[in-house]
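Enquirer: Residue numbers (our numbering), protein chains in the order written: chain A, 1 to 366; chain B, 1001 to 1305.
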């Protein structure tokens, strides 16, 4: 889903800070999220993403900064006065109420007429295809069904903003893949603006239209899944999103449309410019799947290196090789298993060539 | 089926111990009580006389021991006896005690359950601390506090609210104060055990769905702690009904509780069968509604856990 630039700014955080005693949990986070967007906060545990989400929900009050939703500052509002609803990580379904009562809970608090509560609760249960389970108690449902109840309950009040806290965290792997598409479908059908928190980069990339990568309370990069993956702005992002080889070196060529760096394995060429000074320390990030590997010398001369195969791991859909380059650098290379037995000629201790195009590498400055 | 590490006789032994205990120290004494309650002592005041005819071997129960509880021997209106009055009074004050304990104990337990895990043992210790001194000593202490020249009256007079001492001791007030004080831990502990397990995120979810904290307490916390409330209520109510010492020491002379009546029948009138019948009826009054309650709620409670 493409983000319309003119719509950016439905949910805005302005220099949001949260300090617990001496620890800075969220450090001047400024984000601008469009209406109808699914936005992911991605980071490892303790990076501040959950605290940020809890501030949006109202469970934590910001130390400083503002939260604007549709132009209204909601930072001072109590959670029960915000037009924001959250789907909790463990779902937090009320165990003493049945599914119907759980979903209708928020509507009843609004004091809506009985007919409307009945109609909207019914709609929500139909939306998540649990109409037949209305009279059951939460513990009588499977994990996936409980998750859908939690979603229905958080959508029932038609919030302006939906928060998802590790939405798939409590499901097993097989169910997760199926559920993430289902979840996105429902959210897009409803058209609600959504902020989700996850530590799983795959989950963030498949579900979100944009991702904010967080570390130590700060947002390091905001972009579409493709931008964040293909053009990480720094080492942390490159390393956190997917697998990556980072070659340390010094800038040796710096032109408008290309640059190069001398690294341990040799000179690496990159097909984009960089505004820096010669000899400055840089890192070059290359994704394992962008590196080719062969026992015979290919017809290229740029970014071509040699090494010895040290480890091979078979993952079914792809193989991973760890190649020891001439200077001792360990290089990770993955090749897709497109046809049977294609790569079987490469084995342990083989001398191999490995290379990549000049557009594969990304120069990292910090 | 989980792996069994105990052999069958071993398992039977482990399960059998509590059953044996109940059999020996609860069921057997109760059966003896039941037996005595049907004995016709005659003139030789022997409460262990046989309850069958020595000639025919047929049961010869003295129902009169029970009838006289409900109707005076010289006639009169059914249920208008001193015994029934004492029962109702005991149940009423036990209910008051249980309600007072609940009102005081719930915030207590809630506060402990919500406090930092590191301070909880210390707070629980403070709830149980009174058990370390003699029960009688603590009840006597209340005499000193509530007496005409006691602490409370001294304070009242010093503050000018009253010039004469207010009669506190030997009233229903002093009795309820004493009962509530003594039984409070029995309310706090089961409530705490229940509340400490509650998932705090459920309250957050309720706030998130537009519920104010006060409303969330009634809609989420209270229903989820129902098992603790019931357990605490029963633990306070049941022994309160038959409470003998506190009403005797702190209560007024005009309000006789059933515990006192049983005592008097047993040791003053030496009428063991009557005392036994009174005790059996009391057990019935408590156990039957309890059993019905658990039967009624048991199924839903089972499906929840």
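All C-beta atoms, glycine included, are put in the ideal place defined by N, C-alpha and C.
Keep in mind the model is a prediction, meaning the values are calculated, not measured.
Please tell me whether residue 251 of chain A and residue 234 of chain A are closer than 8 Å, where the distance is taken between their beta carbons.
Expert: Locating residue 251 of chain A in the first chain gives position 251, counting from the first residue. Locating residue 234 of chain A in the first chain gives position 234, counting from the first residue. Not a contact, by the Cβ cut-off of 8 Å.
Enquirer: Roughly how many angstroms lie between the CA atoms of residue 264 of chain A and residue 321 of chain A, to the nearest whole one?
Expert: For the purposes of this step, residue 264 of chain A is taken as residue 264 along the first chain, with counting starting at 1. For the purposes of this step, residue 321 of chain A is taken as residue 321 along the first chain, with counting starting at 1. Spanning the two alpha carbons is a distance of roughly 19 Å.
Enquirer: For chain A, is any of its Cβ atoms less than 8 Å away from the one on residue 1297 of chain B?
Expert: Taking the second chain and counting its residues from 1, one reaches residue 1297 of chain B at position 297. No, no contact with chain A.
Enquirer: Is there at least one Cβ from chain B nearer than 8 Å to residue 25 of chain A's Cβ?
Expert: Locating residue 25 of chain A in the first chain gives position 25, where the first residue counts as 1. Cβ-Cβ to chain B under 8 Å: no for residue 25 of chain A.
Enquirer: Among B:1155, B:1175, B:1176, which has the Cα closest to the Cα of residue 1166 of chain B?
Expert: Residue numbering aside, residue 1166 of chain B sits at position 166 when the second chain is read from its first letter. Checked all of B:1155, B:1175, B:1176; the closest Cα to residue 1166 of chain B is B:1155.
Enquirer: Would you report the Cα separation of residue 154 of chain A and residue 56 of chain A, rounded to the nearest angstrom?
Expert: On the first chain, position 154 is the one that residue 154 of chain A refers to. On the first chain, position 56 is the one that residue 56 of chain A refers to. C-alpha separation (whole angstroms): 14 Å.
Enquirer: Here's the rule: buried if 16 or more other CB atoms are within 10 angstroms of the residue's CB, otherwise exposed. What is residue 165 of chain A?
Expert: Taking the first chain and counting its residues from 1, the one referred to as residue 165 of chain A is at position 165. Flag for residue 165 of chain A reads buried.
Enquirer: Measuring CA to CA, which of A:336, A:261, A:280 is closest to residue 291 of chain A?
Expert: In the first chain, residue 291 of chain A corresponds to position 291, counting from 1. Comparing Cα-Cα distances from residue 291 of chain A to each of A:336, A:261, A:280, the minimum goes to A:336.
Enquirer: In terms of DSSP beta bridges, what is residue 222 of chain A paired with?
Expert: Stepping through the first chain from its first residue, residue 222 of chain A is reached at position 222. Beta-bridge pairing links residue 222 of chain A to A:212.
Enquirer: Taking Cβ positions, are residue 138 of chain A and residue 171 of chain A nearer each other than 8 Å?
Expert: In the first chain, residue 138 of chain A corresponds to position 138, counting from 1. In the first chain, residue 171 of chain A corresponds to position 171, counting from 1. Going by C-beta atoms, residue 138 of chain A is not nearer than 8 Å to residue 171 of chain A.
Enquirer: Short of 7 Å in beta carbon distance, which residues of its chain neighbour residue 18 of chain A, apart from the five on each side in sequence? Order them along the chain.
Expert: In the first chain, counting from the first residue as 1, residue 18 of chain A sits at position 18. Within the same chain, residue 18 of chain A has close Cβ partners 25, 26, 51, 55, 60, 62, 63.
Enquirer: Quick check on the DSSP output: what are the complete alpha helix (DSSP H) runs of length 4 or more inside the stretch 1034-1074 of chain B, in order along the chain?
Expert: Listed in chain order, they are 1064-1070.
Enquirer: Nearest chain B C-beta to residue 142 of chain A closer than 8 Å, yes or no?
Expert: If you number the first chain from 1, residue 142 of chain A lands on position 142. Judged by the 8 Å Cβ criterion, residue 142 of chain A is not in contact with chain B.
Enquirer: Give me the DSSP bridge partner(s) of residue 18 of chain A.
Expert: Taking the first chain and counting its residues from 1, the one referred to as residue 18 of chain A is at position 18. A:26, per the DSSP bridge assignment.
Enquirer: Quick one, are the C-beta atoms of residue 1173 of chain B and residue 1127 of chain B less than 8 Å apart?
Expert: As a position in the second chain, residue 1173 of chain B is number 173, starting the count at 1. As a position in the second chain, residue 1127 of chain B is number 127, starting the count at 1. No, Cβ-Cβ distance for residue 1173 of chain B and residue 1127 of chain B is not below 8 Å.
Enquirer: Beta strand (DSSP E) containing residue 310 of chain A: first to last residue?
Expert: Looking up residue 310 of chain A in the first chain gives position 310. Segment 304-314, the beta strand (DSSP E) holding residue 310 of chain A.
Enquirer: Which whole-angstrom value describes the C-beta separation of residue 270 of chain A and residue 247 of chain A, a residue pair presumed to lie in contact below a C-beta threshold of 8 Å?
Expert: Residue mapping note: residue 270 of chain A aligns to position 270 of the first chain, counting from 1. Residue mapping note: residue 247 of chain A aligns to position 247 of the first chain, counting from 1. Not a contact, Cβ separation roughly 11 Å.
Enquirer: Excluding sequence positions up to five away, which residues of its chain have a Cβ less than 7 Å from the Cβ of residue 82 of chain A?
Expert: In the first chain, counting from the first residue as 1, residue 82 of chain A sits at position 82. Only 58, 74 meet the Cβ criterion.
Enquirer: Give the residues of chain B in contact with residue 96 of chain A, contact being defined as C-beta atoms less than 9 Å apart.
Expert: The residue you call residue 96 of chain A lines up with position 96 of the first chain. Here the neighbours are 1220, 1223, 1224, 1226, 1304.
Enquirer: Measure from the C-beta of residue 110 of chain A to each C-beta in chain B and report whether the shortest distance is under 8 Å.
Expert: Position 110 of the first chain holds residue 110 of chain A. Yes, because at least one Cβ of chain B sits closer than 8 Å to the Cβ of residue 110 of chain A.
Enquirer: Using 8 Å as the Cβ pair cut-off and three pairs as the minimum, do the stretch 1218-1235 of chain B and the stretch 1127-1137 of chain B touch?
Expert: The answer is no - the stretch 1127-1137 of chain B does not touch the stretch 1218-1235 of chain B, with fewer than three Cβ pairs under 8 Å.
Enquirer: Hey, residue 1258 of chain B and residue 1054 of chain B are a contact pair by Cβ (cut 8 Å); roughly how many whole angstroms apart?
Expert: Counted from its first residue, the second chain places residue 1258 of chain B at position 258. Counted from its first residue, the second chain places residue 1054 of chain B at position 54. That belief does not hold up - the Cβ atoms of residue 1258 of chain B and residue 1054 of chain B are roughly 34 Å apart, past 8 Å.
Enquirer: Is residue 325 of chain A helix, strand or coil when you go by DSSP?
Expert: Taking the first residue of the first chain as 1, we reach residue 325 of chain A at position 325. Note: residue 325 of chain A maps to strand in three-state DSSP.
Enquirer: So what does residue 85 of chain A bridge to, in DSSP terms?
Expert: Within the first chain, numbered from 1, the residue matching residue 85 of chain A stands at position 85. The partner list for residue 85 of chain A (beta bridge, DSSP) reads A:162.
Enquirer: What is the DSSP secondary structure of residue 1233 of chain B, reduced to helix, strand or coil?
Expert: As a first step, residue 1233 of chain B must be located in the second chain, where it is residue number 233. Of the three classes helix, strand and coil, the one that applies to residue 1233 of chain B here is helix, per DSSP.
Enquirer: According to DSSP, is residue 47 of chain A part of a helix, a strand, or is it coil?
Expert: For the purposes of this step, residue 47 of chain A is taken as the residue at position 47 of the first chain. If DSSP states are grouped into helix, strand and coil, residue 47 of chain A belongs with coil.
Enquirer: Where does the unbroken alpha helix (DSSP H) through residue 137 of chain A begin, and where does it stop?
Expert: By one-based count along the first chain, residue 137 of chain A stands at place 137. Note, residue 137 of chain A: premise wrong, no alpha helix (DSSP H); not H, not E.
Enquirer: To the nearest angstrom, report how far apart residue 279 of chain A and residue 258 of chain A are at their CA atoms.
Expert: Your numbering for residue 279 of chain A matches position 279 in the first chain. Your numbering for residue 258 of chain A matches position 258 in the first chain. Answer to the nearest angstrom: the Cα atoms are 15 Å apart.
Enquirer: List, in order along the chain, the chain A residues whose C-beta lies closer than 7 Å to that of residue 1202 of chain B?
Expert: On the second chain, position 202 is the one that residue 1202 of chain B refers to. Chain A residues near residue 1202 of chain B: 92, 94.
Enquirer: Would you kindly work out how many angstroms separate the C-alpha atoms of residue 175 of chain A and residue 200 of chain A, rounded to a whole number?
Expert: The sequence position of residue 175 of chain A within the first chain is 175, counting from 1. The sequence position of residue 200 of chain A within the first chain is 200, counting from 1. Looking at the two C-alpha atoms, the distance is approximately 15 Å.
Enquirer: List the residues of chain A that residue 1205 of chain B touches, going by C-beta distances under 7 Å, in chain order.
Expert: Sequence index remark: in the second chain, residue 1205 of chain B carries index 205 (1-based). Those are 88, 92, listed as they occur along chain A.
Enquirer: Check whether the stretch 311-331 of chain A and the stretch 1027-1045 of chain B touch, using three or more Cβ-Cβ pairs below 8 Å as the test.
Expert: Because the criterion of three Cβ pairs below 8 Å is not met, the stretch 311-331 of chain A and the stretch 1027-1045 of chain B do not touch.
Enquirer: Which residues in chain B have a C-beta closer than 9 Å to the C-beta of residue 354 of chain A? List them in chain order.
Expert: Translated into the one-based positions of the first chain, residue 354 of chain A becomes position 354. The contacting residues do not exist; residue 354 of chain A stays about 50 Å from chain B at best.
Enquirer: Measuring only between beta-carbons, confirm whether residue 113 of chain A sits less than 8 Å from chain B.
Expert: The count along the first chain starts at 1 and reaches residue 113 of chain A at position 113. By this cut-off, residue 113 of chain A is not an interface position.
Enquirer: Between the stretch 1007-1027 of chain B and chain A, which residues of the former have CB atoms less than 9 Å from a CB of the latter, in chain order?
Expert: Answer in chain order: no residues at all.
Enquirer: With residue 1016 of chain B as the anchor, note down where its alpha helix (DSSP H) starts and where it stops.
Expert: Position 16 of the second chain holds residue 1016 of chain B. Residue 1016 of chain B -> alpha helix (DSSP H) spans 1008-1022.
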